[in-house]
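Residue numbers for the sequence shown follow our numbering, so the first one is 793 and each next one is one higher.
Every residue gets a Cβ at the ideal spot worked out from N, C-alpha and C, and that includes glycine.
Okay, structure first, notes after.
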Amino acid sequence: MKKSIILLTGLLLILNSCSDFLVEEPLSEITQNQYFTSPNHAYAAVNQLYRGGIQDLTYAASAYNGPKLMSGGYMSGFFDNPNYKGQEQFIVQSQSLSLNAQTSAGYLDGIWDPCYRAIARANFAIENIPVTPGLNDNEKKQLLAEAYFFRAFNYFYLVKYFGDVPLIIDTLQEDIYVARSTSKIVYEQMITDLTYASKEGGLEDLPMPKNNFRISKGAVNTLLADIYLHMSGFPVQANKYAEAATTAREIINSGNYRLIQNGNTTTNSAYNIMRTSDSEDEYMYQVEYMSGIATNGWMATYSFPTGAVSWPGQIFKFAITTEVFLPRPGLLAIYDSTEDIRIQEKQFFHSQFTYDYSNSSGTNTETRNFPTMPYLWFDQNALFTSGQQDKDFKIYRYAEVLLIAAEAIAKTEGVTAEARGYLAQVRSRASLTGKSVETVSTELAALSPNQFIEEVWKERLREFPLEFKIWEDMQRTRKIMKTNINNKGVISFIDLIGAQNTWGNTFQARDLLYPISANELQRNPNLTQNEGY
């Protein structure tokens, strides 16, 4: 990483609205030595963190290739981009398990660079907030907590994707070219940052929508619990399950967070509420978007097939729709359609669309069938009225907190009633036949710890198919699911290394991490490439 002075442009001035940090007020270019002279400057520096780094990786900038966070879905083998993957070598190479640091360099840079830009901005804020004139102690602690969250958040994704990475926690480095630190050391820095944010930051303990869409203690602890869970798995294997359980319990026991409940109709199910509402008590951390200010590009168009814009009536406000993240049959087979709401039509997925349109002959009704596609991203207003996608992207939900707790408790304490209850809450909500939490918990009671933990893994697959969790779970467990399209809902797990993906290619140890871009290796001679590349 090259030594540089950070130029802060377009920083966001603090206001009172929940979405004010989306509104940019340009400032002239200001160097570090000139910048932090008032509280507004400190707030602006932190506000900017909400718009960069991993948040960049949720942005659907292209009609043909989706956000970079989709990369893990392609690596898993359970998602495809059938029509336009030829435009992006990373997708082709993911399916053939032949990632290349040269030919996929641009794509890999698109993950690495935004994360380090965000880390640099967080470092700048962390260094200057304590000495900003006019900030009281509580303001300093809260702003530092938010900056620490974003620094840890971006390092977490870097470690998951690339393994050992340069650890930079200062604004200016004496060493122009920073070598890689071990994943364990980077994880320990994340824990230090988040422990401060949770214990000392004075953050409100509320769902993000109830905290003016700012980072809350719940968001911090969710990230921390997830970090403990991943640190316990491969490749670090630090056995932090007890810490994951403790941190998840703190969130649960606060009583401030809850699952969205199903309404009386399928159109008002919990999963359709997730699709349409950005203001629920289940949301721990979400990336905020807003029409006319910060939209999420083409995301809504990924819910319809190529050519849909040419259907009779030409009802779409976008010029292109396409199957950017098409679930493969093996993925869809994780659901039992007789038991699970989530696989029913117009829940997480859909395969048919009926609409009315008018022409010279009058009003017509058209029904179109297509391969099963994401419905979670279907945004009626964006697709048919505004042409602007403004739904927030949910990174963490309370459902994940419950599943982290269930897995971590089972690992450390066994299949307790508490662990069963947490898994049962998520599974019961998805029950098409109305199974209660108590019934589901009883069904789980006879399982061994390993069997129960596999049930948690299954629930993670079913609950987060479109939230880009599948590959990171495969990485930390080194397991891949096996399903049968003739026996849907039945899932088993086998070792990932040596197994074949859905394209018939065999996973090797090297595939567990992405290569470091050839561009970055050229810029920084102290970097080494991941093994096998």
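Please classify residue i as buried or exposed, where buried requires at least 16 other C-beta atoms within 10 Å of its C-beta.
i, result
"Val1282", "exposed"
"Trp904", "buried"
"Lys1274", "exposed"
"Asp985", "buried"
"Val923", "exposed"
"Lys795", "Residue placement at Lys795 is flagged as unreliable, the pLDDT there being 34, under the threshold of 50; the coordinate-derived value follows with that caveat. Classification of Lys795: exposed, given that the 10 Å Cβ count is below 16."
"Ile1308", "buried"
"Thr850", "buried"
"Asn873", "buried"
"Ser886", "buried"
"Asp1148", "exposed"
"Glu1199", "buried"
"Pro1317", "exposed"
"Gly1047", "exposed"
"Gly1010", "buried"
Where does residue i sit, in a helix, a strand or coil, going by DSSP?
i, result
"Asp997", "coil"
"Gly1154", "strand"
"Glu1137", "strand"
"Leu889", "coil"
"Asp1018", "helix"
"Tyr1149", "strand"
"Ala1086", "strand"
"Pro1119", "strand"
"Thr1298", "strand"
"Ser1309", "coil"
"Arg1050", "coil"
"Val815", "Unreliable positioning characterises Val815 in this predicted model, as indicated by a pLDDT of 40, which lies under 50. A coordinate reading is not provided."
"Gln879", "helix"
"Thr1164", "strand"
"Phe870", "coil"
"Asp1128", "coil"
"Phe945", "helix"
"Phe1260", "coil"
"Gln894", "coil"
Between the Cα of residue i and the Cα atoms of the options, which residue gives the shortest distance?
i, options, result
"Gln1300", "Pro1317, Met1266 and Lys1280", "Met1266"
"Leu1168", "Glu1264, Thr963, Tyr1127 and Arg1134", "Arg1134"
"His833", "Gln847, Ile918 and Asn875", "Ile918"
"Glu1137", "Thr1155, Phe1110, Ser1153 and Ser1095", "Ser1095"
"Met867", "Ile961, Gln1292 and Glu1323", "Gln1292"
"Ala937", "Glu980, Asp901 and Ala914", "Ala914"
"Ile983", "Tyr947, Ile1277, Ser890 and Asp956", "Tyr947"
"Phe828", "Gly1047, Ala912, Leu1123 and Gly926", "Gly926"
"Lys1271", "Ser975, Leu1253, Pro859 and Thr1177", "Leu1253"
"Arg1268", "Ala837, Tyr899, Gly864 and Ala939", "Gly864"
"Ser830", "Val884, Ile921, Ala893 and Gly1324", "Ile921"
"Ser854", "Tyr899, Asp1073, Pro1163 and Ala1125", "Tyr899"
"Pro1166", "Thr1068, Tyr908, Asn1048 and Phe1140", "Phe1140"
How many angstroms separate the CA atom of residue i from the CA atom of residue j?
i, j, result
"Arg972", "Tyr1020", "21 Å"
"Lys1203", "Ser888", "34 Å"
"Val1218", "Tyr1188", "14 Å"
"Leu1223", "Ser896", "Position check: residue 1223 holds Ser in this sequence, whereas Leu was assumed. Taking the straight line from one Cα to the other gives about 42 Å."
"Thr1320", "Leu1194", "38 Å"
"Phe870", "Arg1302", "19 Å"
"Gly1226", "Val1232", "10 Å"
"Ala1062", "Thr1093", "22 Å"
"Ser1008", "Asp1018", "16 Å"
"Ile977", "Gly1105", "57 Å"
"Tyr1127", "Lys1280", "6 Å"
"Ile968", "Leu1118", "43 Å"
"Pro818", "Ser1143", "Bear in mind that the predicted position of Pro818 carries a pLDDT of just 36, short of 50, making it too unreliable to give a figure here."
"Tyr979", "Val957", "11 Å"
"Lys1032", "Trp1263", "20 Å"
"Lys933", "Glu992", "7 Å"
"Lys952", "Leu959", "14 Å"
"Ser890", "Asn930", "50 Å"
"Gly1122", "Thr1087", "32 Å"
"Asn1276", "Thr1294", "12 Å"
"Leu805", "Ala837", "Any reading at Leu805 must be qualified, since the residue scores a pLDDT of 33, below 50, and its modelled position is unreliable; no value is offered."
"Gly1290", "Pro859", "29 Å"
"His1022", "Ala1237", "26 Å"
Does at least one heavy atom of the ligand MG sit under 7 Å from the Cβ of residue i?
i, result
"Gln981", "In the structure on display, the ligand MG does not appear, and there are no ligands present to speak of."
Any 3 or more C-beta pairs closer than 8 Å across the segment 1149–1159 and the segment 1109–1119
No, because fewer than three Cβ pairs between the segment 1149–1159 and the segment 1109–1119 fall closer than 8 Å, the two stretches do not touch.
For the structure I just gave you, are there three or more beta carbon pairs, one from the segment 871–881 and one from the segment 1300–1313, closer than 8 Å?
Taking a cut-off of 8 Å for Cβ pairs, the segment 871–881 and the segment 1300–1313 do not touch, as fewer than three such pairs fall below it.
Does the structure place the segment 1099–1112 close enough to the segment 1244–1252 that three or more beta carbon pairs sit under 8 Å?
Cβ pair count under 8 Å is below three, so no.
Report yes or no: do the segment 943–953 and the segment 833–850 share at least 3 C-beta pairs separated by less than 8 Å?
Yes, the segment 943–953 is in contact with the segment 833–850.
Can we say the segment 1173–1193 touches the segment 1066–1079, given the rule of at least three CB pairs closer than 8 Å?
With the rule of 3 Cβ pairs closer than 8 Å, the segment 1173–1193 counts as touching the segment 1066–1079.
Take every Cβ of the segment 1053–1067, pair it with every Cβ of the segment 1031–1043, and state whether three or more of those distances are shorter than 8 Å.
Verdict: no, contact absent.
Three CB pairs or more closer than 8 Å across the segment 1044–1053 and the segment 1021–1029:
Too few Cβ pairs lie closer than 8 Å, so no.
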